[in-house]
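There are 2 protein chains.
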Amino acid sequence: MTTTKRSRVTLADVARQARVDPSVVSRVINGDSRLVIKAETRERVLATIRELNYHPNAAARSLRTAQSGTFGLLIPDFTNPIYAEIIKGAEQEATEHGSLLLAGTAFDDRPERYVEMLASGRVEGLLLAANRLPTDAVQAMLGTGRSIVSVNQRIRGIEHAILADDERASKIAVQHFVGLGHERIAHLRGPADSDTARRRLNGFRRAMRTAGFPADQDLIVGTDYTTDAGAAALRELMTRRPRPTAVLVANVAAAVGALSAARELDVRVPDDLSVVAIHDIPLAANLWPPLTTVRMPLGEMGRAGVRALVGDPGPAEVVVVRDPTELIERESTAPPPRRRR
Amino acid sequence: MTTTKRSRVTLADVARQARVDPSVVSRVINGDSRLVIKAETRERVLATIRELNYHPNAAARSLRTAQSGTFGLLIPDFTNPIYAEIIKGAEQEATEHGSLLLAGTAFDDRPERYVEMLASGRVEGLLLAANRLPTDAVQAMLGTGRSIVSVNQRIRGIEHAILADDERASKIAVQHFVGLGHERIAHLRGPADSDTARRRLNGFRRAMRTAGFPADQDLIVGTDYTTDAGAAALRELMTRRPRPTAVLVANVAAAVGALSAARELDVRVPDDLSVVAIHDIPLAANLWPPLTTVRMPLGEMGRAGVRALVGDPGPAEVVVVRDPTELIERESTAPPPRRRR
DNA sequence: GTGAAAGCGCTAACAT
DNA sequence: ATGTTAGCGCTTTCAC
Chain A
-1 MTTTKRSRVT
9 LADVARQARV
19 DPSVVSRVIN
29 GDSRLVIKAE
39 TRERVLATIR
49 ELNYHPNAAA
59 RSLRTAQSGT
69 FGLLIPDFTN
79 PIYAEIIKGA
89 EQEATEHGSL
99 LLAGTAFDDR
109 PERYVEMLAS
119 GRVEGLLLAA
129 NRLPTDAVQA
139 MLGTGRSIVS
149 VNQRIRGIEH
159 AILADDERAS
169 KIAVQHFVGL
179 GHERIAHLRG
189 PADSDTARRR
199 LNGFRRAMRT
209 AGFPADQDLI
219 VGTDYTTDAG
229 AAALRELMTR
239 RPRPTAVLVA
249 NVAAAVGALS
259 AARELDVRVP
269 DDLSVVAIHD
279 IPLAANLWPP
289 LTTVRMPLGE
299 MGRAGVRALV
309 GDPGPAEVVV
319 VRDPTELIER
329 ESTAPPPRRR
339 R
Chain B
-1 MTTTKRSRVT
9 LADVARQARV
19 DPSVVSRVIN
29 GDSRLVIKAE
39 TRERVLATIR
49 ELNYHPNAAA
59 RSLRTAQSGT
69 FGLLIPDFTN
79 PIYAEIIKGA
89 EQEATEHGSL
99 LLAGTAFDDR
109 PERYVEMLAS
119 GRVEGLLLAA
129 NRLPTDAVQA
139 MLGTGRSIVS
149 VNQRIRGIEH
159 AILADDERAS
169 KIAVQHFVGL
179 GHERIAHLRG
189 PADSDTARRR
199 LNGFRRAMRT
209 AGFPADQDLI
219 VGTDYTTDAG
229 AAALRELMTR
239 RPRPTAVLVA
249 NVAAAVGALS
259 AARELDVRVP
269 DDLSVVAIHD
279 IPLAANLWPP
289 LTTVRMPLGE
299 MGRAGVRALV
309 GDPGPAEVVV
319 VRDPTELIER
329 ESTAPPPRRR
339 R
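Note that the protein sequences, when read in sequence, are chains A and B.
No gaps in the numbering here: position 188 of the first sequence is 186 in this note's numbering, and each next residue is one more.
No gaps in the numbering here: position 239 of the second sequence is 237 in this note's numbering, and each next residue is one more.
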């Protein structure tokens, strides 16, 4: 009794075979609470659905209800492990909500694509985890009237943002360094146009001031959130004299590069230089040395993003996911050289 | 003249304002070659579309044409860097084809979801990069009559498969070891139920035989494709006496774990043990020591998968993407200890 | 060179 | 307790 026949089975087919009206089938499927129906009839409908192996057509439903049951998530790059965690969280939340998550790369050259996704109704709302979207593309997205929420950063023009406590992450790292006895503490900061980089830098400065070691401008070096840029930045940093004894790297990808560069330069970690990276990913434990990190709630931010999308429009709002921002101490940090002798 | 008005702009609105029939607008949009139309009229239609900021409704189009313009890709886990590369390739190919790619995790517990994606018409075809899908779920997917292509592995019941030359990858690694003078060559093989693991193991055995060092069963240890499993497998392997001097790890995630475990055991890489992993990912260069790998055409497999989906149904077919399977030599391999003294 | 008409498969307000 | 009806917005065959 397989039903691998031609031509899709439609709701009308089910209705005919179950000898009820199509609208009844529809209401049974959608669990319409206002539907009063004999248990027996409902059972007959359900049985017919199974028998015919009926699956509602998504396009028809979507057309009728003006809802696609899909949310979008735009990221800069699938190969950056940070975003994998965000995607995972967002996907889980969407799944629990009965929706699909459409994750995609925000190719810089084709912003119309994302406007189109919204305007065509393919997705009901969009999570923006990609930076550097052209301002007019963002405006066009907003013009569709659909909900847009930025994740991990603020984006000009977008009211709703899901953020982690980036300032606090820097503070945690600085306090760890200070606790170990470091004084010459450096920061490999992210790109100037990055909102997260700015917040982490602020946190760094503030924490340094509080600790009584006002940040030395020489010890703040810019880097992109990439491995290569992190390596280059560390090389530059190590030309400073006297050398720093500790460095907070604003991003784990950059930190991986920094570790490589340190090795090249025969700078021993943590003996000569302690390193803390912001963002904990599984891999950090398998680097050499295992990297001390400040864990950020990446998955939780993805979840919160989807929640904001499905929730009521609500007023302008910034949600800071505070939960588990904490130090994961591994082997890339130790007291400074002087102290140890 | 912004059009951020209520109620979506429809094709009918455009037709009315451009003073043509809706069907003409439709045919202009879709570039119907059989449409004969005055350049002037076409221009007026196009202008109106721009002016009204019209975007076709995806659901309506989908309902009418029975095509969703979306392909699905099922992977086991977003945080595994292998799949990031596959997704990227598939997404690029889909984008070039004007389609969307819906990548999702194949949660073991909800196979109906994926059947549903196909049966409901949300996706036109599905790429399966996830292993361990229940056989009946696969059958149900096939029952929808839509195209399904497996990527990176064969799946029972699915005719079309996009594969890399896994056997050759193992052979390349073994030849590299042999060229360095190794004889006691081990293999951390993937899970028994994994098709890729099987092919890599075959390649390993065959290459060893060819080299005149028939594989020692003791030196073949099973591992999952995860970091922790790789670490455990290496620990087990190093209890063998005499110890192997080289090991081919079937997967890069497992190799990362193996490297960690080697450090724990004070097994120096490459001095005491040479390591080659299958799969090259950017990170391999930043491990310690930088990991020698056999590059597999992951992105290209993703692309080929989408191509197979959009292409004609075609006969049962297995596409082996041969292109750039090659050794990337870094610092985790060296001649065996004996030779170096 | 352009228009008319039918219908894809579903839902929801309104009958009965 | 169930049926009727009227589209959602688009494409496409056929007619003029």
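Yeah, the Cβ is synthetic: ideal placement off N, Cα and C, and Gly gets one too.
The structure presented is a predicted model; accordingly, all values stated were derived computationally and were not measured.
Item to complete: Helix, strand or coil for isoleucine 279 (chain B), going by three-state DSSP, please let me know.
Response: coil
Item to complete: Could you have a look at methionine -1 (chain B) and say whether DSSP puts it in helix, strand or coil?
Response: A caution first: methionine -1 (chain B) carries a pLDDT of 32, below 50, which makes its placement in the model unreliable, though a value can still be read off. Three-state DSSP puts methionine -1 (chain B) in coil, outside helix and strand.
Worksheet item: Under 7 Å between C-beta atoms, does leucine 232 (chain A) make it to chain B?
Response: no
Item to complete: Determine, using beta carbons only, whether threonine 77 (chain A) comes closer than 7 Å to chain B.
Response: yes
Worksheet item: Given that proline 132 (chain A) touches chain B, what residues does it touch there, using C-beta distances under 7 Å?
Response: Those within 7 Å of proline 132 (chain A) in chain B number zero; the least Cβ separation is about 17 Å.
Worksheet item: Within 7 Å (strictly less), CB to CB, does asparagine 55 (chain A) reach chain B?
Response: yes
Item to complete: Alpha carbon to alpha carbon, how far is alanine 88 (chain A) from methionine 299 (chain A)? Give it in angstroms, no decimals.
Response: 8 Å
Worksheet item: Near glycine 123 (chain B), what residues of its chain come up, given a Cβ to Cβ distance below 6 Å and the 5 sequence neighbours on each side ignored?
Response: Phe69, Arg144, Ser145, Leu307
Worksheet item: With a cut-off of 7 Å, does the C-beta of alanine 82 (chain B) fall near any C-beta of chain A?
Response: yes
Discussion item. Quick check on this structure: which residue in A:Gly177, A:Gln173, A:Asp222 has the alpha carbon closest to the alpha carbon of phenylalanine 202 (chain A)?
Written reply: Taking only the C-alpha atoms, the option nearest phenylalanine 202 (chain A) is A:Gln173.
Worksheet entry | Inter-residue CB distance, arginine 293 (chain A) and alanine 259 (chain A) (contact presumed, cutoff 8 Å) | The beta-carbon distance between arginine 293 (chain A) and alanine 259 (chain A), rounded to whole angstroms, is 24 Å. This is too long to meet the 8 Å contact definition.
Worksheet entry | First and last residue of the uninterrupted alpha helix (DSSP H) at leucine 99 (chain A) | DSSP places leucine 99 (chain A) outside any alpha helix (DSSP H); the residue lies instead in the beta strand (DSSP E), whose first and last residues are 98 to 103.
Worksheet item: What are the residues of the region 123 to 156 of chain B that lie near chain A, defined by any Cβ-Cβ distance shorter than 9 Å?
Response: Within the region 123 to 156 of chain B, the residues whose Cβ lies closer than 9 Å to some Cβ of chain A are Ala138, Leu140, Gly141, Thr142, Gly143, listed in chain order.
Worksheet item: Buried or exposed: glutamate 315 (chain A), going by 16 or more other Cβ atoms within 10 Å of its Cβ?
Response: Glutamate 315 (chain A) is exposed by the Cβ-count criterion.
Item to complete: Return the Cβ separation of arginine 241 (chain A) and alanine 282 (chain A) in integer angstroms, given the expectation that the two are a contact with Cβ distance under 8 Å.
Response: A Cβ-Cβ distance of about 24 Å is found for the pair arginine 241 (chain A) and alanine 282 (chain A), leaving them out of contact under the 8 Å criterion.
Practice prompt. Determine the direct distance from the alpha carbon of serine 148 (chain B) to that of glutamate 10 (chain A), and round the result to whole angstroms.
Written response: In the sequence as presented, glutamate is not what sits at residue 10 (chain A); that position holds alanine. Between alanine 10 (chain A) and serine 148 (chain B), the C-alpha separation is close to 34 Å.
Item to complete: Give me the Cβ distance between proline 74 (chain A) and alanine 135 (chain A), rounded to the nearest whole Å; I'm assuming they're in contact under 8 Å.
Response: Contact flag wrong, Cβ pair sits at about 14 Å.
Worksheet item: Going by the beta-carbon positions, is the gap between methionine 206 (chain B) and alanine 195 (chain B) smaller than 7 Å?
Response: no
Discussion item. Classify valine 34 (chain B): buried if its beta carbon has 16 or more other beta carbons within 10 angstroms, exposed otherwise.
Written reply: That one is exposed.
Item to complete: Could you tell me the distance, in whole angstroms, from the CA atom of arginine 59 (chain B) to the CA atom of aspartate 106 (chain B)?
Response: 33 Å
Practice prompt. Using a Cβ-Cβ cut-off of 7 Å, state whether serine 24 (chain A) counts as contacting chain B.
Written response: no
Fill in: Chain-ordered chain A contacts of glycine 300 (chain B) [CB-CB under 8 Å]
Those within 8 Å of glycine 300 (chain B) in chain A number zero; the least Cβ separation is about 10 Å.
Worksheet entry | Beta-carbon proximity of serine 97 (chain B) to glycine 119 (chain B), cut-off 7 Å | no
Item to complete: Would you kindly work out how many angstroms separate the C-alpha atoms of valine 250 (chain B) and histidine 277 (chain B), rounded to a whole number?
Response: 6 Å
Practice prompt. Would you verify that the beta carbon of threonine 2 (chain A) is, or is not, closer than 7 Å to some beta carbon of chain B?
Written response: The predicted position of threonine 2 (chain A) is uncertain, since its pLDDT is 41 and thus under 50; a value taken from the coordinates is nonetheless stated next. For threonine 2 (chain A), the answer is yes, since a Cβ of chain B falls inside 7 Å of its Cβ.
Worksheet item: Is the CB of alanine 117 (chain A) under 7 Å away from at least one CB in chain B?
Response: yes
Item to complete: Could you give the DSSP three-state label for arginine 187 (chain B): helix, strand or coil?
Response: Arginine 187 (chain B) falls in the strand class under three-state DSSP.
Worksheet item: According to DSSP, which residues form a beta bridge with leucine 289 (chain A)?
Response: Note: leucine 289 (chain A) sits in no beta bridge, so no partner.
Discussion item. To be precise: take each residue of the region 245 to 257 of chain B, compare its Cβ to all Cβ atoms of chain A, and keep it if any distance is under 8 Å. Which residues remain?
Written reply: Val254, Gly255, Leu257
Practice prompt. Within the same chain, show all residues whose beta-carbon is closer than 7 Å to that of arginine 25 (chain A), passing over the 5 residues directly before and after it, in chain order.
Written response: Leu33
Worksheet item: From what residue to what residue does the alpha helix (DSSP H) around valine 113 (chain B) run?
Response: 110 to 117
Discussion item. Taking the straight line between their C-alpha atoms, what separation do you get for valine 23 (chain A) and glutamine 65 (chain B)?
Written reply: 25 Å
Discussion item. At a CB distance below 9 Å, what residues from the region 276 to 288 of chain B approach chain A? Give them in sequence order.
Written reply: Ile279, Pro280, Leu281, Ala283, Asn284, Leu285, Trp286, Pro287, Pro288
Worksheet item: Per DSSP, what kind of secondary structure is valine 147 (chain A) in: helix, strand or coil?
Response: strand
Worksheet item: Which residues bound the alpha helix (DSSP H) around alanine 162 (chain B)?
Response: For alanine 162 (chain B), there is no enclosing alpha helix (DSSP H); the residue is found in the beta strand (DSSP E) stretching over 158 to 162.
Worksheet item: Rounded to the nearest angstrom, how far is the Cβ of leucine 61 (chain A) from that of alanine 57 (chain B), given a contact under 8 Å?
Response: Sure, about 4 Å apart at Cβ, within 8 Å.
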